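> Quick mapping for you: the protein sequence lines, in order, are chains R and L.
The numbering used here puts the first residue of the first sequence at 1, with every later residue one more than the last.
The numbering used here puts the first residue of the second sequence at 570, with every later residue one more than the last.
Don't be surprised by glycine CBs; every beta carbon is placed ideally from N, CA and C.
Fair warning: this is a prediction, and the values are worked out from it, not measured in the lab.
Structure provided below as structure tokens; questions to follow.
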Amino acid sequence: MQQIHLGGIDYAILLIYFGFVIGIGWVLKRYMKGSTDFFLSGRSIPAWVTGLAFLSANLGAQEVIGMAASGAKYGIMTSHFYWVGAIPAMVFLAIFMMPFYYGSKARSVPEYLKLRFDEKTRGFNAISFAVMTVFSSGISMHALARLLQTLLNWNYNFSIAISAIIVLVYIFLGGLTSAIYNEVLQFFMIVLGFAPLVFLALKDVGGWSALKEKLIPVATEQHFAAGTWSQSWTHMNSAMENPMGIGWFGMVMGLGFVLSFGYWCTDFLVVQRAMAANSMSAARRTPLIAAIPKMLFPALVILPGMIAIAMHHSSANHFLPVGADGSPDYNMTIPTMLAKYFPTGLLGIGFTALMASFMSGMAGNVTAFNTVWTYDIYQSYLAPNKSDTHYLWMGRMATVFGIIISIGCAYLASKFNNIMDMLQLVFGFVNAPLFATFLLGMFWRRATGHGAFFGLLGGTVGAAIFHGLAISEGATPGIKGGWLAQKFLFHSEMGQNFWMAIVAWTTCFALTILISLATARTKTDAELKGLVYSLTPKPETAHEPWYKQPVTVGILVLIATLALNIIFW
Amino acid sequence: MNFDLRLPIGIMFSLFGAIIAVFGLATGGSDIYATHSLGMNINLIWGAVLLVFGVFMLFLALRGKNSGPPPK
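Okay, here's the thing in structure tokens:
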């Protein structure tokens with residue numbers, strides 16, 4: 001098993017980093033005067049900060065490690081997670097949805113649902129989101145502790161304790177602002193920590209053309225066409241032509257539309273960062289500012305994976321560690337690359353960047369949790385009409401018990417391997433239909449509360465039923481699907497999940513429309529002003545310079561992304 | 570909020586850059602570079618890059634302070 005050896009200077013770098021992280025929280029403590037400061041940063045953060053935090057909160061270590069692993073396992077098709085599965089949704093959020101999130105003065109995503117629909121819709125979203133976000137945090141903690149145990153032989157409990165304490169301290173002190181500022185710090189750490197890896201690895205493999213050459217045997221040995229690892233769209237005519245096991249339609253609709261928009265447009269973890277911006281214009285620019293580095297991230301995280309698999313195939317002794325069946329352990333791609341290319345010194349930076357990416361994910365989940373708990377569950381259902389100071393106190397308490405529950409989830413994940421799969425599954429069940437609810441809510445004033453709630457419920461149940469009837473090749477029925485019957489056979493689990501998302505979304509969309517038409521409206525047009533597209537005056541942007549106009553920048557981002565897709569077709 | 574984030578970013582990266590650049594100078598002929606970073610003294614090189622970035626951030630932060638609050 002690959003081991004990394006950290007020298008004194010590497011540990012020093014790590015400690016300095018933790019010092020800054022906690023120090024920033026400490027300095028911000030004095031600005032936390034009320035609940036709006038703690039949960040929403042007083043809506044005072046400049047766009048460049050919220051933009052980078054938006055990206056960084058999403059960028060957990062699951063992404064850094066996972067995308068490199070996918071780059072090795074699937075090749076450049078992994079870029080679809082960025083260029084199809086993120087950018088379009090981010091642009092849509094910026095241009096069309098931020099005006100409602102920011103303009104409605106909703107303090108959270110569930111609160112928007114309450115303003116637009118009714119309490120039960122808010123409750124469903126708030127509770128499911130709170131549970132999942134705290135689980136996610138726990139799983140990040142577990143993944144980090146496991147990794148540190150594998151690489152450095154650190155005690156598992158020690159890693160859990162350290163990561164929990166650090167995140168707890170800086171969020172307890174400085175709330176969302178502390179989380180956001182640290183996320184920006186983490187963004188720069190990740191970019192500056194991994195850029196030299198890409199530089200060295202690319203040089204070592206001989207450049208892009210040489211890499212493409214070396215990827216040919218990787219594809220042909222697995223019975224795929226020669227260019228499969230270096231061409232992102234060419235081999236997507238059918239699910240059988242590529243290692244991801246997905247055709248272009250399933251990918252575009254399942255990932256590109258449903259899952260992507262379902263996550264980026266409705267997940268409070270990221271939307272919260274845009275809500276903290278200091279103006280409507282800044283809030284709308286936040287996802288766009290995030291989209292620009294997001295477009296370039298494939299070079300940072302996917303490329304090392306592709307280089308790793310090329311080297312694994314062309315070397316006599318295995319480059320990546322292999323499992324019992326001889327297949328490479330893809331999750332060890334980044335650690336293996338770091339160990340190979342970074343000497344002590346730079347290794348401290350790279351390793352700290354990896355830690356930073358885990359912690360930014362954890363902190364993001366915790367701030368989203370403490371806000372949704374305090375505003376959408378505690379204030380709404382348990383203790384309304386208390387003073388603002390009381391809710392600020394509750395927010396701090398929620399941070400503490402949120403982290404404690406996360407620790408519990410981490411230990412659960414360590415005992416039951418399936419927990420992570422379960423979480424992914426539940427995420428899919430709940431997130432996929434959600435975008436249909438928001439779409440109809442924001443663009444169709446006739447959508448009613450009953451329609452929204454039962455549509456959402458129906459979509460979630462529909463997803464579960466589809467999952468029970470679907471299975472992918474080689475999987476055992478159970479958590480992987482097919483627990484009702486095996487009616488739908490898929491080439492890969494990914495394909496199965498994308499199609500489940502499509503089914504969930506469509507069910508929710510159809511049900512919401514039908515039930516809305518069959519039930520009476522409970523909100524007048526006046527009440528829906530600022531919440532629905534047709535009833536809201538368009539934001540005034542004509543006086544802004546072109547680079548601050550959301551529509552202009554959005555179009556430029558989409559054109560650039562299209563260009564990238566074409567270049568790597 | 571009066572706390573300019575560019576200040577801690579600038580300080581931290583300048584510190585990191587200085588530390589690994591100096592370390593790179595001190596370990597100049599060591600074989601760690603031969604076995605890892607393709608023979609290049611990557612500590613010195615990247616340390617310099619981080620230092621430049623850190624100083625640039627500090628420059629932005631301090632210039633921002635002098636020119637007063639940014640327009641809304």
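So which of L52(R), S56(R) and G75(R) has the shortest CA-CA distance to A308(R)?
What you label residue 308(R) is simply residue 308 of the first sequence in a count that begins at 1. It is G75(R).
> With burial defined as no fewer than 16 other Cβ atoms inside 10 Å of the residue's Cβ, what is the status of I598(L): buried or exposed?
Within the second sequence, numbered from 1, the residue matching residue 598(L) stands at position 29. Per the sequence presented here, residue 598(L) reads as Gly, with Ile not at that position. Exposed, because fewer than 16 other Cβ atoms sit within 10 Å of the Cβ of G598(L).
> Considering only their Cβ atoms, is the gap separating G25(R) from Y170(R) smaller than 8 Å?
Numbered from its first residue, the first sequence carries residue 170(R) at position 170. Numbered from its first residue, the first sequence carries residue 25(R) at position 25. A contact, by the Cβ cut-off of 8 Å.
> Which residues in the same chain as R273(R) place their Cβ atom closer than 7 Å to its Cβ, once the five residues preceding and following it in sequence are excluded?
Stepping through the first sequence from its first residue, residue 273(R) is reached at position 273. Cβ neighbours of R273(R) beyond the five flanking positions: T50, A53, F54, A57, I180 and T286.
> Is the beta carbon of D600(L) within less than 7 Å of some heavy atom of the ligand GDP?
You won't find the ligand GDP in this model; it holds no ligand whatsoever.
> What is the rounded straight-line gap between the Cα of I165(R) and the Cα of Y375(R)?
Here the question's residue 165(R) lines up with position 165 in the first sequence. Here the question's residue 375(R) lines up with position 375 in the first sequence. Each residue's Cα considered, the two are about 24 Å apart.
> Please go through the region 590–634 of chain L and give each complete alpha helix (DSSP H) segment of 4 or more residues, from N-terminal end onward.
Runs found: 601–604.
> Of all the residues that make up the region 342–360 of chain R, which are near chain L by a beta-carbon distance shorter than 9 Å?
Answer in chain order: F342, P343, T344, G345, L346, L347, G348, I349 and T352.
> Under a Cβ-count criterion, where at least 16 other Cβ atoms within 10 Å of its own Cβ denotes burial, should Y391(R) be classed as buried or exposed?
Walking along the first sequence from the start, residue 391(R) turns up at place 391. Classification for Y391(R): buried.
> Looking at the unbroken alpha helix (DSSP H) that takes in F488(R), where does it start and where does it end?
In the first sequence, residue 488(R) corresponds to position 488, counting from 1. Unbroken run through F488(R) is the beta strand (DSSP E), F488 to F490; no alpha helix (DSSP H).
> Suppose you measure from the CA of G71(R) to the CA of E221(R); what does that come to, to the nearest Å?
Position 71 of the first sequence, counted from the first residue, corresponds to residue 71(R). Position 221 of the first sequence, counted from the first residue, corresponds to residue 221(R). Cα to Cα, the separation comes out at about 17 Å.
> Where do the N-terminal and C-terminal ends of the beta strand (DSSP E) with A598(R) fall, by residue?
This structure cannot settle anything about residue 598(R), because the visible part of chain R is limited to 1 through 569.
> Give the straight-line distance between the Cα atoms of L579(R) and W83(R), rounded to the nearest whole angstrom.
Any answer about residue 579(R) is impossible in this case: the structure gives chain R only from 1 up to 569.
> Return the residues of the region 593–615 of chain L that lie within a Cβ-Cβ distance of less than 7 Å from chain R, sorted by chain order.
Those would be G593, I601, Y602, H605, S606, L607, I611, N612 and W615, in chain order.
> For the region 601–617 of chain L against the region 354–361 of chain R, are there 3 or more C-beta pairs whose distance is under 8 Å?
No: the two stretches stay apart, fewer than three of their Cβ pairs being nearer than 8 Å.
> Can you tell me whether DSSP reads L472(R) as helix, strand or coil?
Taking the first residue of the first sequence as 1, we reach residue 472(R) at position 472. Note on residue identity: the sequence assigns Ser, not Leu, to residue 472(R). The answer is strand: DSSP assigns S472(R) an E or B state.
> What residues of chain L sit near F607(R), judged by a beta carbon separation below 7 Å?
The displayed coordinates of chain R run from 1 to 569. Any statement about residue 607(R) would go beyond what the structure contains.
> Closer than 8 Å between beta carbons: that is the criterion. Which residues of the region 207–232 of chain R meet it against chain L?
Correct list: empty, as no residue qualifies.
> Using a C-beta cutoff of 8 Å, does K340(R) count as contacting chain L?
One-based indexing of the first sequence puts residue 340(R) at position 340. K340(R) counts as touching chain L.
> Let me know if E493(R) comes out buried or exposed under the rule of 16 or more other beta-carbons within 10 Å of its beta-carbon.
On the first sequence, position 493 is the one that residue 493(R) refers to. Flag for E493(R) reads buried.
> Take Q549(R) and list the residues in its own chain whose beta-carbon comes closer than 6 Å to its own, dropping the five residues that flank it on each side.
Locating residue 549(R) in the first sequence gives position 549, counting from the first residue. T541, listed in sequence order.
> I'd like to confirm the pairing. Which residues does DSSP put opposite V109(R) in its beta bridges?
Translated into positions along the first sequence, residue 109(R) becomes position 109. Note: V109(R) sits in no beta bridge, so no partner.
> Under 8 Å Cβ to Cβ from A520(R), same chain only, skipping five residues before and after it: list those, please.
Taking the first sequence and counting its residues from 1, the one referred to as residue 520(R) is at position 520. Correct list, in chain order: T448.
> Could you tell me whether any Cβ in chain A is nearer than 8 Å to the Cβ of L484(R)?
Of the chains in the structure shown, none is chain A; the protein chains are R and L.
> Can you list, in chain order, the residues of the region 621–636 of chain L whose Cβ is nearer than 8 Å to any Cβ on chain R?
Listed by position along the chain: F622.
> With a 10 Å radius around its C-beta and 16 neighbouring C-beta atoms as the bar for buried, classify L173(R) as buried or exposed.
Indexing the first sequence from 1 puts residue 173(R) at position 173. L173(R) should be labelled buried.
> By a C-beta neighbour count over all protein chains shown, 10 Å radius and 16 as the cutoff for buried, is D10(R) buried or exposed?
By one-based count along the first sequence, residue 10(R) stands at place 10. Buried: at least 16 other Cβ atoms inside 10 Å.
> For S137(R), which residues of its own chain have a beta-carbon under 8 Å away from its beta-carbon, when the five flanking residues on both sides are left out?
Here the question's residue 137(R) lines up with position 137 in the first sequence. So the list reads G361, M362, N365, V366, F369, G402, I403, S406 and C409, once near-sequence residues are dropped.
> What three-state label does DSSP hand I45(R) in the structure shown?
Residue mapping note: residue 45(R) aligns to position 45 of the first sequence, counting from 1. Strand at I45(R).
> Nearest to K29(R) by alpha carbon, out of S178(R), A94(R), H5(R) and Q149(R)?
Working through the first sequence from its first residue, we reach residue 29(R) at position 29. K29(R) has its Cα closest to that of S178(R), out of S178(R), A94(R), H5(R) and Q149(R).
> Whole angstroms is fine: what's the gap from I289(R)'s alpha carbon to V184(R)'s?
Looking up residue 289(R) in the first sequence gives position 289. Looking up residue 184(R) in the first sequence gives position 184. If you take the alpha carbons of I289(R) and V184(R), they lie about 13 Å apart.
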